[in-house]
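Student:
2 protein chains.
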Amino acid sequence: MLNWYLQSGKEADVVISTRIRLARNLDEILFTTKYSLSDAEKIIQIFGNIIPSLPYELKLLKLKDMDYITKLSLVEKHIISPNFVTEENETKAILINEEENICIMLNEEDHIRIQVLASGLDLENTLGLAVEIDEKLANLINYAYNEKYGFLTSCPTNVGTGLRSSVMVHLPGLTLTSNINKVLEVVNNFGMNIRGVYGEGTKSQGNIYQISNKQSLGISEEEIIKNLKAITDKIIEQERLARKYLAKNAIELEDTVCRAYGTLTNCKKISGEEVKRLLSDVKLGVDMGIIKEITDYKIKQLETFTKPANMQKYLGTVLDGYDRDIKRAEVIQKIINE
Amino acid sequence: MLNWYLQSGKEADVVISTRIRLARNLDEILFTTKYSLSDAEKIIQIFGNIIPSLPYELKLLKLKDMDYITKLSLVEKHIISPNFVTEENETKAILINEEENICIMLNEEDHIRIQVLASGLDLENTLGLAVEIDEKLANLINYAYNEKYGFLTSCPTNVGTGLRSSVMVHLPGLTLTSNINKVLEVVNNFGMNIRGVYGEGTKSQGNIYQISNKQSLGISEEEIIKNLKAITDKIIEQERLARKYLAKNAIELEDTVCRAYGTLTNCKKISGEEVKRLLSDVKLGVDMGIIKEITDYKIKQLETFTKPANMQKYLGTVLDGYDRDIKRAEVIQKIINE
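From first to last, the protein sequence lines stand for chains F and E. To get our numbering, take the position in the first sequence, counting from 1, and add 248. To get our numbering, take the position in the second sequence, counting from 1, and add 248.
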C-alpha cells in the first residue's frame with residue numbers, strides 16, 4: 249500500500265490533497281493552556297491503553313523519542329503541524345498508521361486532534377473516516393462537550409464541530425493569467441480561508457494554496473464540507489479555464505514547461521525553493537499533456553523527496569544545506585530516470 | 249570540403265578563428281572617397297577579367313544581385329564586414345571560394361581587401377595564403393604603392409603593410425573569474441586592440457573577443473603576426489589557468505554548464521542573444537570535458553546556424569523574428585540530436 253501522498257486522487261490536475269481535522273478534549277482533564285505535565289502524560293497513557301481497541305493499526309510515537317529529521321519529514325508531508333514540532337516535545341505524541349493517512353496528535357493545542365488525509369479531492373470519504381474514528385474514540389473516552397456549543401476546544405474558533413476541512417490546490421493557470429488575486433478575494437468573501445501550504449501566515453510556494461473553512465460553530469459537519477466542496481469545484485473550473493486560455497498560446501506555455509523540465513533533468517545542484525517553482529511548471533505540463541516522459545506518480549515522488557527531511561530519509565544520510573542542494577539534483581534525476 | 253568555420257582548428261578550446269586582411273588600392277584609380285561610379289565598376293570589371301588567371305576557384309558576386317539574407321549570412325560568418333552590406337550596394341562585389349576561407353572585397357573602404365580566414369589559431373598559414381594571393385594579384389594589376397610608406401590606403405591607419413591580423417577568442421574562464429578586464433587592459437598596453445566580435449565599437453557576445461594589431465606602418469608583416477601570436481599565446485595560457493581554477497569547484501561549473509545544455513535541448517523558443525550566452529557555457533563544458541554528448545563540430549554548427557540569416561539559409565525559408573525564435577529552438581535540437 250502506497251503512502252497516501254503518493255497515491256493518485258480525484259481531480260488531481262488541480263487538487264493535490266484533502267485534509268479533515270477534528271479538535272477534541274478530554275472532559276476530566278484541564279485544557280492544554282492550564283494542565284500539568286502529569287495531565288499530558290496521562291493523556292498519552294490513555295491512548296496507549298486504547299490503541300488495541302481501535303481497528304486502524306495505529307502506532308503510538310512520542311515526539312521526544314523521534315529524531316529531528318523524522319519529525320520534520322512528517323511536517324513536510326503535512327501530517328503534523330510545524331508548531332507541533334518546534335515547541336517543546338516532552339509531552340507530545342502521535343498515533344499514526346502505515347499509510348500515514350490517519351494521524352492523531354496528542355497534546356497539540358487541544359488534547360486530541362484527529363486528522364485524516366487523502367490524495368486529490370475526497371472530502372466525503374475523508375470526513376467519513378474521521379467521523380468513524382471520532383465515534384470509536386467517543387465510546388472509549390469522555391469528550392469535553394456542551395449541549396449548547398458542541399465540542400469545547402482550547403481556541404474559541406474551533407468550538408462547535410471542532411472541524412477544520414481543507415484542500416490543497418495547485419493554481420499555476422490562475423497565476424500565469426494574473427487572475428489569482430481575484431480568486432483569493434472571492435474565496436475569502438465566501439467565508440473560506442485561502443493561504444500558503446503550511447497554514448496560516450505562510451506564503452504560497454509553487455502556486456500551491458490551502459483552502460479551508462473559517463466557521464466551525466452553528467453549522468453541521470456536512471454543511472461545512474458541502475460549502476468547501478462548492479468553492480473548490482468553482483476554483484477547479486476557473487483553473488481549468490485559465491489553462492485552456494494558456495493552451496491557445498501553446499508555444500509560450502510549452503517553452504516555460506519544457507525549460508523547467510530541462511533544468512530539473514540537467515542541473516547539478518538546486519535549492520528546495522527553485523524545485524518548488526520548477527515542479528509547479530512541470531506538473532502543469534504533465535497535467536496538460538505537454539510532458540509525456542513522466543507520470544503523476546513521479547511528480548508526487550519529486551514533490552515529496554526533494555524536501556530537506558524527506559530527502560535525507562530517502563537517501564538514508566544526514567546532509568548539510570550545500571550538500572543537500574547537490575544531492576537534491578541527483579535525487580530528482582534518479583526519480584525521473586528510474 | 250567543409251566550410252572553414254565548421255572545421256576544427258588548433259588551440260580550438262580558446263581560439264575560434266584567425267583572420268588576415270590586406271588593404272590594397274589600384275594605382276590608376278582615385279581612392280573610394282573620391283572616385284566615380286564608373287571607377288568602381290571598372291574595378292569589378294578588372295577582377296572579372298583576372299579571375300581565370302587565379303588558382304583559387306573564386307566566384308565574382310555583385311552585392312546588388314544578392315538577396316539580403318545571403319549578404320547578412322556572410323556578415324554573420326565574419327566573411328564580410330557589416331558596413332559593407334548596410335551601405336549602398338550598387339558598386340560592391342566579392343570574390344569568394346567554395347570553402348569561404350578566401351574573400352576579396354571590392355569597393356569597400358579600399359578598392360581591394362584580401363581576406364583569408366581559418367578555424368582555430370593559424371596565423372602563419374593564413375598570412376602565407378594572403379601573401380600568395382597578394383603576390384599573384386600584384387603580377388596582374390598595379391597597386392598604389394609608395395617606396396617610403398608602403399601600400400597606400402583610404403584610411404591612414406592602414407598605410408604600410410595594409411595588414412590587419414586578428415584572432416577571435418572565447419574567454420569564459422577569464423569572465424567567470426572576473427579577470428577579463430585586467431586582460432583587456434594588458435592587451436591594449438601591448439599595442440593590440442581587443443573588442444567585440446563584429447569589430448570596432450561592438451560589445452562582446454557570448455564571451456567572444458577579437459584581438460587585432462593596431463600598427464600597420466613601420467613594421468613587417470611577420471613582426472605583426474609574431475606580436476599577435478605572442479599576446480594570443482599569453483591569453484590562451486591565462487584562460488586555461490582560469491578554467492583550471494574553475495575546475496576546482498567542479499559542481500558550480502558543471503551546474504552552470506549543464507543547465508545551459510538543459511535549456512538548449514528543451515526550450516521551445518529562444519532568442520539569438522540567449523543562445524550566444526548559453527552556447528558559451530556549453531562550449532566551455534565541451535572544451536573542459538564536462539559535456540560529452542556533443543562534439544566541437546556540433547558547437548560550430550550551433551554557433552553558425554542559430555544566427556538569423558544563416559538559420560534562414562539552413563532552413564531554406566524566410567521567417568519573421570517571432571517565428572525565428574521558435575525555429576531556432578528546433579534547429580538547435582535537430583543539430584544536437586542528429
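Here a beta-carbon is modelled for each residue, glycine too, at the ideal position from N, C-alpha and C. These numbers were taken from a predicted model, which means no experiment stands behind them.
#1: From E/Q458 to E/L343, what distance separates their C-alpha atoms?
#2: Which residues in the same chain have their Cβ closer than 7 Å to the Cβ of F/D573, if we skip the five residues on either side of it in sequence?
#3: Given that F/I499 touches chain E, what residues does it touch there, using C-beta distances under 8 Å?
#4: Listing by chain order, which chain E residues have their CB less than 7 Å from the CB of F/R507?
#5: Beta-carbon of E/D503 versus every beta-carbon of chain F: anything under 9 Å?
#6: Out of E/I362, E/S367, E/L422, E/G466, which has the shortest C-alpha to C-alpha gap to E/P404?
#7: Look up F/I268 in the DSSP assignment and give the residues it is bridged to.
#8: Output the boundary residues of the beta strand (DSSP E) element that contains F/C506.
#9: Which two residues bound the contiguous beta strand (DSSP E) that contains E/Q458?
#10: E/K312 to E/E395, Cα distance in whole Å?
#11: Which residue marks the beginning of the beta strand (DSSP E) containing F/M559, and which one marks its end?
#12: Check the Cβ-Cβ distances between F/A557 and every residue of chain E, and say whether any is below 9 Å.
#13: Take E/G410 and list the residues in its own chain whose beta-carbon comes closer than 7 Å to its own, dropping the five residues that flank it on each side.
#14: Name the residue from F/I381, F/L424, F/A557 whose alpha carbon lies nearest to the alpha carbon of F/R488.
#15: Within 9 Å of any Cβ in chain E, is that where the Cβ of F/A577 sits?
#16: Could you work out which residue in E/M314, E/E522, E/P420, E/L371 is closest to E/D619 when comparing CA atoms only?
#17: Does the beta-carbon of F/V588 have 16 or more other beta-carbons within 10 angstroms, so that it is buried, or is it exposed?
#18: What did DSSP end up calling F/K290 once you bin it into helix, strand or coil?
#19: Please confirm if E/K555 has its CB atom under 9 Å from at least one CB of chain A.
#20: Look up E/Y391 in the DSSP assignment and give the residues it is bridged to.
#21: Could you check the C-alpha separation between E/S426 and F/S367 for me, to the nearest Å?
#22: Please name the residue in F/K325, F/E259, F/K319, F/E289 whose C-alpha comes closest to that of F/W252.
#23: Excluding sequence positions up to five away, which residues of its chain have a Cβ less than 8 Å from the Cβ of E/K258?
#24: Might you give, ordered along the chain, the residues of its own chain that have their beta carbon closer than 7 Å to the beta carbon of F/Q293, omitting 5 neighbours on each side?
#25: So, F/Q255 versus F/K548, is the Cβ gap smaller than 9 Å?
#26: What span of residues does the alpha helix (DSSP H) with E/K307 cover, start to end?
#27: Looking only at its own chain, which residues have a Cβ that is under 8 Å from the Cβ of E/L306, when we skip the five neighbours before and after it?
#28: Could you check if E/S321 is buried or exposed, using at least 16 other CB atoms within 10 Å of its CB as the buried criterion?
#29: Using the beta-carbon count (16 or more within 10 Å), is F/K492 buried or exposed?
#30: Short of 8 Å in beta carbon distance, which residues of its chain neighbour E/Y545, apart from the five on each side in sequence? Order them along the chain.
#31: Work out the CA separation of E/T374 and E/L587 for me, nearest whole Å.
#32: Note down the Cα distance separating E/I389 from E/I473, rounded to an integer number of angstroms.
#33: Name the one or two DSSP bridge partners that F/Q453 has.
#34: Please return the same chain residues whose Cβ sits closer than 6 Å to the Cβ of E/V333, not counting the five positions on each side in sequence.
Tutor: Let me lay it out:
#1: Distance from the CA atom of E/Q458 to the CA atom of E/L343, rounded to whole angstroms, is 24 Å.
#2: Excluding residues within five positions, the ones whose Cβ falls inside 7 Å are K517, I518, S519.
#3: In chain order: K516, K517, I574.
#4: Under the 7 Å cutoff, chain E gives T511, N514, C515.
#5: Interface with chain F (9 Å Cβ-Cβ cutoff): E/D503 is included.
#6: Among E/I362, E/S367, E/L422, E/G466, the Cα nearest to that of E/P404 belongs to E/G466.
#7: Per DSSP, F/V364, F/S413.
#8: Run containing F/C506: none in the beta strand (DSSP E); it sits in the alpha helix (DSSP H), 498 to 514.
#9: Counting along the chain, the beta strand (DSSP E) containing E/Q458 begins and ends at 456 to 461.
#10: Rounded to the nearest angstrom, the two C-alpha atoms are 37 Å apart.
#11: No beta strand (DSSP E) holds F/M559; the alpha helix (DSSP H) holding it covers 556 to 563.
#12: Not an interface residue.
#13: So the qualifying residues of the chain are L270, A271, R272, F399, T401, S464.
#14: Checking every option, the nearest Cα to that of F/R488 belongs to F/L424.
#15: Chain E places a beta carbon closer than 9 Å to that of F/A577, counting this residue as a contact.
#16: As shown, chain E starts at 249 and ends at 586. That puts residue 619 of chain E outside it, with no answer to give.
#17: A query on residue 588 of chain F cannot be resolved here, the shown segment of chain F reaching from 249 to 586 and no further.
#18: Secondary structure of F/K290 (DSSP, three-state): helix.
#19: No chain A appears in this structure, whose protein chains are F and E.
#20: E/L274, per the DSSP bridge assignment.
#21: The alpha-carbon of E/S426 is positioned some 50 Å away from that of F/S367.
#22: The residue among F/K325, F/E259, F/K319, F/E289 with its C-alpha nearest the C-alpha of F/W252 is F/K325.
#23: Non-local beta-carbon contacts of E/K258 in its own chain, meaning distances under 8 Å to residues more than five positions away in sequence, involve G368, L369, D370 in chain order.
#24: Correct list: empty, nothing qualifies.
#25: Closer than 9 Å, so yes.
#26: For E/K307, no alpha helix (DSSP H) encloses it; the enclosing beta strand (DSSP E) starts and ends at 307 to 310.
#27: Closer than 8 Å at the Cβ level, and outside the excluded window around E/L306, lie I299, L343, I344, N345, I350, I352.
#28: Under this definition E/S321 is a buried residue.
#29: Around the C-beta of F/K492, fewer than 16 other C-beta atoms lie within 10 Å, and the residue is accordingly described as exposed.
#30: Result list for E/Y545: L254, S256, in chain order.
#31: Since the first residue of chain E shown is 249 and the last is 586, residue 587 of chain E is not available in this structure.
#32: Taking the straight line from one Cα to the other gives about 26 Å.
#33: Bridge partners of F/Q453: F/I456.
#34: The answer, listed in chain order, is K319, V323.
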